[in-house]
Amino acid sequence: MESCLCIGGRGKALLYAASPNSRFQVVSVIASNVRKGNVIEKDGKLYIVVTAENIHPGKGTPVTQLEMRRISDGVKISDRYKTTDTLEKAFIEYQTYTYLYQDGDHYVFMQPETFDQVHVGPDILGDMAPYLQEGMEVRLASFNGSPVSIEIPARVTLEITETEPVVKGQTASGSFKPAMLSNGIRTMVPTHITVGTRVVVLTEDGSYVERAKD
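Residue numbers (my numbering): 4 to 217.
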């Protein structure tokens, strides 16, 4: 694959691959700023960050623990860095896709302008898969024609399918109780929420935000 190394306006190195599906730029970031879904260049290869955790021990140097998957062959690695270490973060072009349906253990998305369809595996979606909804718009990044990272909306609306009944006279502010969402995820909701109520939750962790207004 041909590529060229250019210099940006402030001296940053920008690496552009020849294929429009694999265009990316590389910038330096400190390890503590790396997040899940970022793409890191390491030893000339690209890795997608599966999990990123900043660890601050009582004594000793703070570190960043990264679990990553190599884009070229799917091999997973685990690396630990000082939080101030410099890493090379690759910004890969994202395109808007629409979620269509699940096909086996893969998920099918369509590019609304070209109508091209792509199958995305569970290893890329991870914990986000239960929050997919038909017609949902997502941002999908590809490298050499293969999906490598996906961004879904930060919030979704789901229905409560299981929870404890409301206790008469219970008005304690800030009290929460366990509940099951319509996508099978368990969460905590205010005590006044009942089965059948539509609620807004965060797709990052399923936490309750508010009662849906629709």
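C-beta: ideal position from N, C-alpha, C; glycine also.
No experiment lies behind these values; they were computed from the predicted model shown.
Practice item. Select from I43, V37, V212 and L103 the residue whose C-alpha is nearest the C-alpha of T86. Key: V37
**Study point:** 6 Å CB neighbourhood of T160 in its chain, flanking five on each side removed
**Key:** R201, V203 and A215
Point to revise | Boundaries (first-last residue) of the alpha helix (DSSP H) holding I188 | key: No alpha helix (DSSP H) contains I188, which DSSP labels as neither H nor E.
Check your understanding: Any beta-carbon of chain D closer than 9 Å to the one on N186?
Key -> Looking for chain D here will not work: only one protein chain is present.
Check your understanding: If you check the beta carbons only, do V42 and I80 fall under 9 Å apart?
Key -> no
**Study point:** Three-state class that DSSP yields for M183 in the structure shown
**Key:** In the structure shown, M183 adopts extended strand secondary structure according to DSSP, grouped into three states.
Check your understanding: Roughly how many angstroms separate the alpha carbons of V212 and S185, rounded to a whole number?
Key -> 16 Å
**Study point:** C-beta atoms of I51 and G61 nearer than 9 Å
**Key:** no
**Study point:** Extent of the continuous alpha helix (DSSP H) run through I127
**Key:** P125 to L128
Exercise for review: Could you give the DSSP three-state label for S152: helix, strand or coil?
Suggested key: strand
Check your understanding: Candidates D88, M71, Q98 and G177: which alpha carbon is nearest V121's?
Key -> Q98
Review point. If we ignore side chains and look at the alpha-carbon of each, how far apart do S75 and T164 end up?
Key: 41 Å
Point to revise | Of the residues T166, L135, S35 and Y102, the one placed nearest T89, counting alpha carbons only | key: S35
Review point. Given P125, which residues of its chain have a CB within under 7 Å of its CB, disregarding the five upstream and five downstream residues?
Key: D108 and A132
Exercise for review: Assign Y104 to one of two classes, buried (16 or more other C-beta atoms within 10 Å of its C-beta) or exposed (fewer than that).
Suggested key: By the 10 Å Cβ count, Y104 comes out exposed.
Point to revise | Supposed contact pair Y100 and T206 - C-beta distance, whole angstroms, cut 8 Å | key: About 16 Å separates the two Cβ atoms, so there is no contact after all.
Review point. Based on the DSSP secondary-structure assignment, which residues constitute the bridge partners of A132?
Key: The secondary-structure analysis by DSSP pairs A132 with nothing; it has no beta-bridge partner.
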